[in-house]
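Taking it in order: structure first as structure tokens, then the write-up.
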Amino acid sequence: SSSESGRYLNAPDQQYQIVKHRHWFIIHPLSEKNNATIIITENENQISFANGALTIEVTDKLKIPSTVHTALLDIEKIEFPLVLRRWKEGDYFYPLGLKKKNSQRVGKKKIARFLIDAKLPKSEKDNIWVIESNQKICWVVGHRIDERFKITPRTKKALHIQWQSK
Numbered sequence: 005s006s007s008e009s010g011r012y013l014n015a016p017d018q019q020y021q022i023v024k025h026r027h028w029f030i031i032h033p034l035s036e037k038n039n040a041t042i043i044i045t046e047n048e049n050q051i052s053f054a055n056g057a058l059t060i061e062v063t064d065k066l067k068i069p070s071t072v073h074t075a076l077l078d079i080e081k082i083e084f085p086l087v088l089r090r091w092k093e094g095d096y097f098y099p100l101g102l103k104k105k106n107s108q109r110v111g112k113k114k115i116a117r118f119l120i121d122a123k124l125p126k127s128e129k130d131n132i133w134v135i136e137s138n139q140k141i142c143w144v145v146g147h148r149i150d151e152r153f154k155i156t157p158r159t160k161k162a163l164h165i166q167w168q169s170k
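Going left to right, the sequence shown walks through residues 5 to 170 as the working numbering numbers them.
As structure tokens, this is what we get:
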């Protein structure tokens, strides 16, 4: 059909949603919108949530992670408690590596736009979580960290967060 990507239809029994994603239709179960907010204190190292589990540790091993399932955040830039929650309209962050046009300044991006640019189907977009420190998003879990929290040559210790998806 010629309808646009992202269009969706809830099945009459309200148990499933049919979403058009490019040339495909994706059928997935409708889960209750879980608007849980999880507070992560400084001494917690294992968190379970609707989209998987997080393992958290402070480390002085500052090797850049090779996977988007791991975030390495400069501990000096983190303020506890952290907040783990689903993203919402209006959320924004400064994606690592995004520069403003004709500038060395870091670019700001709404998470909604970031997820559209990542070409995620609606079913996946609805299940994206973020971690924030002092009301600033430091990681779009499983996707990208925020430039403001990245490790630098001056970083001595980092918060290593590993996400295990469900």
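Cβ coordinates follow ideal geometry from the N, Cα and C atoms, glycine included.
message: According to DSSP, simplified to helix, strand and coil, what is residue 136?
response: strand
- prompt: Where residue 166 and residue 135 are concerned, what is the direct C-alpha to C-alpha distance, given to the nearest angstrom?
  reply: 12 Å
task: Go to residue 61, then tell me how far its beta strand (DSSP E) extends in each direction, as first and last residue.
output: 56 to 63
message: Can you give me the C-alpha to C-alpha distance between residue 182 and residue 22, rounded to a whole angstrom?
response: With the chain covering only 5 through 170, there is no way to say anything about residue 182.
message: If you reduce the DSSP assignment to three classes, tell me which class residue 162 lands in.
response: strand
message: Let's see if you can read the secondary structure: which residues bound the beta strand (DSSP E) around residue 89?
response: 86 to 90
- request: Taking the CB atoms as reference points, tell me whether residue 120 and residue 88 lie closer together than 7 Å.
  value: no
- prompt: Once you ignore the five residues that flank residue 46 on each side, which residues in its own chain have a CB closer than 7 Å to its CB?
  reply: 84
- request: List the endpoints of the continuous beta strand (DSSP E) containing residue 153.
  value: That residue, residue 153, is in no beta strand (DSSP E); it is neither H nor E in DSSP.
query: Beta-carbon separation of residue 56 and residue 168 under 7 Å?
result: In this structure, residue 168 lies closer than 7 Å to residue 56 by Cβ.
query: Would you call the CB atoms of residue 164 and residue 41 closer than 7 Å?
result: No; because the gap between Cβ atoms is not below 7 Å, this pair is not in contact.
message: Taking only three categories from DSSP, how would you classify residue 78?
response: If DSSP states are grouped into helix, strand and coil, residue 78 belongs with the strands.
query: Given that a residue counts as buried once 16 or more other Cβ atoms are within 10 Å of its Cβ, and exposed if not, what is residue 147?
result: buried
query: Anyone know if the C-beta pair for residue 60 and residue 91 falls short of 7 Å?
result: no
query: Are the beta-carbon atoms belonging to residue 31 and residue 125 less than 7 Å from one another?
result: Contact: no.
field: Whole-angstrom C-beta distance between residue 103 and residue 111, which should lie under 8 Å
entry: 6 Å
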